[in-house]
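In my numbering, the protein residues as written are 16 to 270.
Using N, Cα and C, we set each Cβ at its ideal position, and we do this for glycine too.
Keep in mind the model is a prediction, meaning the values are calculated, not measured.
One structure is given below, encoded as structure tokens.
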Amino acid sequence: MLQIKPTKHLIGIMIQGDYNDLYDLVDSIYGMCGFDERPESPYYGAKDLLLGLCYETRHAYRASREILSVENGMNKDIMKWKEITAPSENVYFSTNIFFPEAIFLAIVLPETYDFSKKYYGRHSKYKGSVYEPRSLMRFYRDRANLEVLCSAIWQALGEVIGEREAEKLLEKREELEPKHYISYIIEYIKRCNMELIRTEEKDRRQKLRDITERILGRPESYDDLEKKLAFWAEKYGKNIHQIHAKADYPEEIDW
16 MLQIKPTKHL
26 IGIMIQGDYN
36 DLYDLVDSIY
46 GMCGFDERPE
56 SPYYGAKDLL
66 LGLCYETRHA
76 YRASREILSV
86 ENGMNKDIMK
96 WKEITAPSEN
106 VYFSTNIFFP
116 EAIFLAIVLP
126 ETYDFSKKYY
136 GRHSKYKGSV
146 YEPRSLMRFY
156 RDRANLEVLC
166 SAIWQALGEV
176 IGEREAEKLL
186 EKREELEPKH
196 YISYIIEYIK
206 RCNMELIRTE
216 EKDRRQKLRD
226 ITERILGRPE
236 SYDDLEKKLA
246 FWAEKYGKNI
256 HQIHAKADYP
266 EEIDW
């Protein structure tokens, strides 16, 4: 089963699972993202972050990230009783993503399901020649896999800031109007990543709570960034989601 927990220094979350756990997550991400890759797509930014998670997860189950051994409950007594020989540990693969990105995905994904649903079923709006539309049954399976991801992210946040505080934030999410995050500027989330990295470890718990509240509320700092990016997008004849500032992430991140 997919497992998610905070990293040691509270920079991000660690995503762990066996090969099938991570493979199924990647497959569901691809299905739910659909095939509309235009920057004008309503949830282009959210899909961009989700595909970034997909990239990391795919590298994890291909053994390009950390590999762990996890006890599976098998022991000598059971093997003797059942007259079998079996491993007592399973191989788990693991990767990390930044906490602000994970929090944003946990907040926004429930809003995207109805939008993504049109890519499934006999009446799928996707008419491409490369990918076949998935059945409607696959939609419910893909949504369930991403709901497990979202709930595990909220739990990881609760481990850091406390369950009561996480519950308050989750209640705020449930009060939001539908389509609140259409065309959200993901550059803001990337700046939150840098803000968290630069925060001293002793202050990161409060910083994570503040960041989550700001993502939920789209504060003045978000509006200011959106205006700046809109200016440069118009100047260069680009979509606002195609304008990126250089992110000076450390070469080595002490997760």
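*Alpha carbon to alpha carbon, how far is Ile112 from Leu172? Give it in angstroms, no decimals.*
Counting from 1 along the sequence shown, the entry for residue 172 is found at position 157. Counting from 1 along the sequence shown, the entry for residue 112 is found at position 97. Per the coordinates, the alpha-carbon of Leu172 lies some 13 Å from the alpha-carbon of Ile112.
*Three-state secondary structure (DSSP) at Ser109?*
Looking up residue 109 in the sequence shown gives position 94. The answer is strand: DSSP assigns Ser109 an E or B state.
*Pick from Ser198, Met94, Ser150: whose alpha carbon is nearest that of Pro102?*
The sequence position of residue 102 within the sequence shown is 87, counting from 1. Residue Met94 holds the alpha-carbon nearest to the alpha-carbon of Pro102 among Ser198, Met94, Ser150.
*Could you check the C-alpha separation between Val106 and Ile82 for me, to the nearest Å?*
Position 91 of the sequence shown, counted from the first residue, corresponds to residue 106. Position 67 of the sequence shown, counted from the first residue, corresponds to residue 82. Roughly 7 Å separates the two Cα atoms.
_Start-end ranges of the alpha helix (DSSP H) lying completely within the region 81 to 125, minimum 4 residues_ = For the region 81 to 125, the continuous alpha helix (DSSP H) assignments of 4+ residues that do not extend past its boundaries occur at 91 to 97, in sequence order.
*Cβ atoms of Ala260 and Arg206: under 9 Å apart, would you say?*
The sequence position of residue 206 within the sequence shown is 191, counting from 1. The sequence position of residue 260 within the sequence shown is 245, counting from 1. In this structure, the beta-carbon distance from Arg206 to Ala260 falls below 9 Å.
*Where DSSP assigns a beta bridge to Gln18, which residues make up the other side?*
Residue numbering aside, residue 18 sits at position 3 when the sequence shown is read from its first letter. Gln18 pairs with Gln31.
*Ser166 - containing alpha helix (DSSP H), residue span*: Stepping through the sequence shown from its first residue, residue 166 is reached at position 151. According to the DSSP assignment, Ser166 belongs to the alpha helix (DSSP H) that extends over 151 to 176.
*Compare the Cα-Cα distances from Ile200 to each of Val85, His256, Glu215, Tyr155 and report the closest residue.*
As a first step, residue 200 is located in the sequence shown; it is residue number 185 there, counting from the start. Ranking the options by Cα distance to Ile200, first place goes to His256.
*Just mark Tyr251 as buried or exposed, buried being the case when its beta carbon has 16 or more other beta carbons within 10 Å.*
The count along the sequence shown starts at 1 and reaches residue 251 at position 236. Residue burial is scored here from C-beta neighbours: Tyr251 has fewer than 16 other C-beta atoms within 10 angstroms and is therefore classed as exposed.
*How far does the alpha helix (DSSP H) with His271 in it reach, from first residue to last?*
With the chain covering 16 to 270 only, the question about residue 271 has no answer from this structure.
*What residue does the alpha helix (DSSP H) around Gly232 start on, and which one ends it?*
To locate residue 232, count along the sequence shown from 1; it is residue 217. In the DSSP annotation of this structure, the continuous segment of the alpha helix (DSSP H) that includes Gly232 starts and ends at 219 to 232.
*Should Gly49 be labelled buried (16 or more other beta-carbon atoms within 10 Å of its own) or exposed?*
The residue given as residue 49 occupies position 34 in the sequence shown. Buried.
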